[in-house]
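A.B. asks: Before I ask anything, let me first share the structure, which is written out below as structure tokens.
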Amino acid sequence: MIMKSLNISPLIKAGFTTVSIIALWLGINEYSEVKTLTHDSTLAVMRMFFMVVLVYGVSYISFLGGSYLIPKITIKLSSQPKAGVKIGSSRETYDEMCTLETKRNEEAHDWLMKSLSDYTTFTFSKKLPAEQIDIIVENIQLLSQGKDAACSITHKMAGVTSNDLYHFGWNVGKRLKRTNIQIAWFLKDTFKTMLDDVSVDTVQTKLANKEGNFTLKLIPLDQELIPHVFPAVV
Numbered sequence: 003m004i005m006k007s008l009n010i011s012p013l014i015k016a017g018f019t020t021v022s023i024i025a026l027w028l029g030i031n032e033y034s035e036v037k038t039l040t041h042d043s044t045l046a047v048m049r050m051f052f053m054v055v056l057v058y059g060v061s062y063i064s065f066l067g068g069s070y071l072i073p074k075i076t077i078k079l080s081s082q083p084k085a086g087v088k089i090g091s092s093r094e095t096y097d098e099m100c101t102l103e104t105k106r107n108e109e110a111h112d113w114l115m116k117s118l119s120d121y122t123t124f125t126f127s128k129k130l131p132a133e134q135i136d137i138i139v140e141n142i143q144l145l146s147q148g149k150d151a152a153c154s155i156t157h158k159m160a161g162v163t164s165n166d167l168y169h170f171g172w173n174v175g176k177r178l179k180r181t182n183i184q185i186a187w188f189l190k191d192t193f194k195t196m197l198d199d200v201s202v203d204t205v206q207t208k209l210a211n212k213e214g215n216f217t218l219k220l221i222p223l224d225q226e227l228i229p230h231v232f233p234a235v236v
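Quick note: to get the numbering used here, add 2 to the position in the sequence shown (first position is 1).
Written out as structure tokens, the structure reads:
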């Protein structure tokens, strides 16, 4: 009834029965030997009791040790990689994903820079010589890196207003995720001759200004960056 109420497994019951038989057998043997040698019944009973307790004690300690160690060993073995599975496969997959993501970002950046370069080149193609356009393109590259412009163009462009330059800066700078003040400094440093009498604070507040005289329009970020080709002055 006790074993049933404790819900002891058949294997444990069998083990308990085996230990009991062994303990009883060893106890009786011990009793017989001591009784034969000493003719002292009390000592024989004590030795028999000692032997029984010893067997039960050793068995109990072994049971507790097995109950603790076996699950630990099982968990450790199950956590080891199976044959044929590479230990570093997860790490390699992660590294490959990072490499692929980096490559995609680089390709997207290269495509954006080419788009901005083409936009700039065609926009000012009839207003500036090639070496002056190259200066603007180089400064755009520096702007994308968060750096200051290297130098400025020296030509004044007839027919190009301050608002045109503000809109040009917005179209380029916002696609590079630059702030208004960064775009304003880019414009001031690049078109120093044309914006010499305008403060940086004024420039940054008028980047998206739609009032006044201009022909180069703002192009929303979700639309294709189509160049506005300023006509040549005859």
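All C-beta atoms in this analysis are idealised placements derived from N, C-alpha and C, irrespective of residue type, glycine included.
Is it right to say Y121 is buried, meaning 16 or more other beta carbons lie within 10 angstroms of its own, or is it exposed?
C.D. replies: In the sequence shown, residue 121 corresponds to position 119, counting from 1. By the 10 Å Cβ count, Y121 comes out buried.
A.B. asks: Would you grab the beta carbon distance between L167 and F193 for me? Rounded to a whole angstrom, and I think it's under 8 Å.
C.D. replies: Locating residue 167 in the sequence shown gives position 165, counting from the first residue. Locating residue 193 in the sequence shown gives position 191, counting from the first residue. 5 Å between Cβ atoms; contact.
A.B. asks: Kindly indicate which residue of L209, Y33, L26, T44 has the alpha-carbon position closest to the one of S180.
C.D. replies: The count along the sequence shown starts at 1 and reaches residue 180 at position 178. Note that residue 180 corresponds to Arg in the displayed sequence, not to Ser. Nearest of L209, Y33, L26, T44 to R180, Cα basis: L209.
A.B. asks: Quick check: the Cα distance between D191 and A151, rounded to an integer number of angstroms?
C.D. replies: Translated into the one-based positions of the sequence shown, residue 191 becomes position 189. Translated into the one-based positions of the sequence shown, residue 151 becomes position 149. Cα to Cα, the separation comes out at about 6 Å.
A.B. asks: Beta carbon of S119, beta carbon of L227: below 7 Å?
C.D. replies: To locate residue 119, count along the sequence shown from 1; it is residue 117. To locate residue 227, count along the sequence shown from 1; it is residue 225. Not in contact: S119 and L227 (Cβ atoms no closer than 7 Å).
A.B. asks: Around the C-beta of L223, are 16 or more other C-beta atoms found within 10 angstroms, so that it is buried, or is it exposed?
C.D. replies: Numbered from its first residue, the sequence shown carries residue 223 at position 221. Exposed, because fewer than 16 other Cβ atoms sit within 10 Å of the Cβ of L223.
A.B. asks: For the alpha helix (DSSP H) containing Q143, list its first residue and its last residue.
C.D. replies: Residue numbering aside, residue 143 sits at position 141 when the sequence shown is read from its first letter. From DSSP, the alpha helix (DSSP H) with Q143 extends over 132-146.
A.B. asks: Among A186, K212, F216, which residue has its Cα nearest to the Cα of V1?
C.D. replies: This structure leaves residue 1 out entirely; the chain is present only between 3 and 236.
A.B. asks: Which residues in the same chain have their Cβ closer than 7 Å to the Cβ of N182, if we skip the five residues on either side of it in sequence?
C.D. replies: The residue labelled residue 182 in the question sits at position 180 within the sequence shown. Contacts found: Q206, L209.
A.B. asks: Using the beta-carbon count (16 or more within 10 Å), is V87 buried or exposed?
C.D. replies: Against the sequence shown, residue 87 aligns to sequence position 85. Low local confidence applies: a pLDDT of 49 at V87 is under 50, so the model's placement there is unreliable, with the coordinate-based value given in what follows. So V87 ends up on the exposed side.
A.B. asks: When you measure from the CB of R93 to every non-hydrogen atom of the ligand ZN, does any distance come out below 6 Å?
C.D. replies: Of the ligands one can find in the structure shown there are none, so the ligand ZN has no counterpart to examine.
A.B. asks: Could you give the DSSP three-state label for H111: helix, strand or coil?
C.D. replies: Taking the first residue of the sequence shown as 1, we reach residue 111 at position 109. Reduced to three states, the DSSP call for H111 is helix.
A.B. asks: Answer with buried or exposed for K158, where buried requires no fewer than 16 other C-beta atoms within 10 angstroms of its C-beta.
C.D. replies: The residue labelled residue 158 in the question sits at position 156 within the sequence shown. It is exposed - the Cβ of K158 has fewer than 16 other Cβ atoms within 10 Å.
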